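In this note's numbering, the protein residues as written are 46 to 371.
This is the structure:
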């Protein structure tokens, strides 16, 4: 029983290690049950392993994520276990949006209260899951998930969690090497859009769920003693084609990232071995498309690209039981 309890704590440790770097906050208490107010759920309470929250950079509303943290062996991550977890979380989300008990327990302020979404966090604690998780999700019958149309559940599977952990580990490594600032001196970047403008000051913005599940993640940072101000872009696609990098560079230009003397570092998280070569080809193609003038050559020269080091996120359950901060 002790080891089982330690395994259940693994997902909590990993989620804490990850999301604080993405500027998510955590509501207190954790591991809390609250009153169910929906008769057809046939339950007296619902659980919340943890409730994360952050302010949406465009609307300014506070987004709450009622989170179910799962820690599974590879062999138990299947259609049945995921469907069961989704059904339970869907009822919790349905109820949390109308439950006075949930709001008294977790809601920080009525002002700016957006909505409660669900987050299913599926961590593979033996690090042996090597199947296509998106294929598994495609086999889940969503019609059996009792979620209202205007509510949402985000599912973070084992591969996405490993990728996010790799990103955080890389940020920590850059900081340790004096190539990246402390958390107060970087922000996740959200450009003004045609139909939506960024709310408030651009600094200290969190990484939204949408940003964390997008093809790339952009961080803007201030300068330090050994580096200039600029951008770090974590790029999650394969990098197998030149065209995809031309599209990325064009997006940089559209977001006005190339208009100042910013340093720009593209960090590949899961790229093929030809990605760096293809990126250099894309820079040359982009120069040809827009004219090989000296200003654009300087802009292209300011962009660096390399792959990050991948880390294995696998903990010993017995060691987990000895941690005092769990």
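The beta-carbon is built from N, C-alpha and C at its ideal position, and this holds for glycine as well.
None of the values given here were measured: they were computed from a predicted structure.
Test: residue 229 CB closer than 8 Å to a CB of chain D: Among the protein chains of the structure shown there is no chain D, as only one such chain exists.
Cβ-Cβ distance between residue 247 and residue 232 below 8 Å: In contact: residue 247 and residue 232 (Cβ atoms closer than 8 Å).
Residue burial classification, residue 100 (beta-carbon count within 10 angstroms, cutoff 16): Of the other Cβ atoms in all chains shown, 16 or more fall within 10 Å of the Cβ of residue 100; this residue is therefore buried.
Which listed residue (88, 212, 122 and 285) has its alpha carbon closest to that of residue 354: Residue 212 is the option with its Cα nearest to residue 354.
Residues sharing a beta bridge with residue 93, DSSP: BP columns for residue 93 point to 77.
Alpha carbon of residue 223 to alpha carbon of residue 83, nearest angstrom: Answer to the nearest angstrom: the Cα atoms are 53 Å apart.
Sub-8 Å separation of residue 243 and residue 103 beta-carbons: The Cβ atoms of residue 243 and residue 103 sit closer than 8 Å to each other.
Alpha-carbon spacing of residue 342 relative to residue 183, whole angstroms: Taking the straight line joining both Cα atoms gives about 45 Å.
Own chain partners of residue 308 with C-beta closer than 8 Å, once the 5 adjacent residues on each side are dropped: Closer than 8 Å at the Cβ level, and outside the excluded window around residue 308, lie 272, 273, 274, 275, 276, 347 and 349.
Beta-carbon proximity check, residue 352 vs residue 296, cutoff 8 Å: For residue 352 and residue 296, no; Cβs fall outside 8 Å.
Backbone secondary structure at residue 210 - three-state DSSP: Helix at residue 210.
Cβ shell of residue 105 (< 6 Å), same chain only, five flanking positions each side left out: Within the same chain, residue 105 has close Cβ partners 244.
Distance CB(residue 110)-CB(residue 144) smaller than 8 Å: With contacts defined by Cβ atoms closer than 8 Å, residue 110 and residue 144 do not form a contacting pair.
Separation of residue 187 from residue 151, as counted between CA atoms: Here the alpha carbons of residue 187 and residue 151 stand approximately 28 Å from one another.
Counterpart residues of residue 325 in DSSP-defined beta bridges: The partner list for residue 325 (beta bridge, DSSP) is empty, contrary to what the question assumes.
Contact check, residue 449 vs residue 206, beta carbons under 8 Å: This structure does not reach residue 449, given that the chain is present from 46 up to 371, and the question cannot be answered.
Nearest neighbour of residue 192, chosen from 328, 154 and 134 [CA to CA]: Checked all of 328, 154 and 134; the closest Cα to residue 192 is 134.
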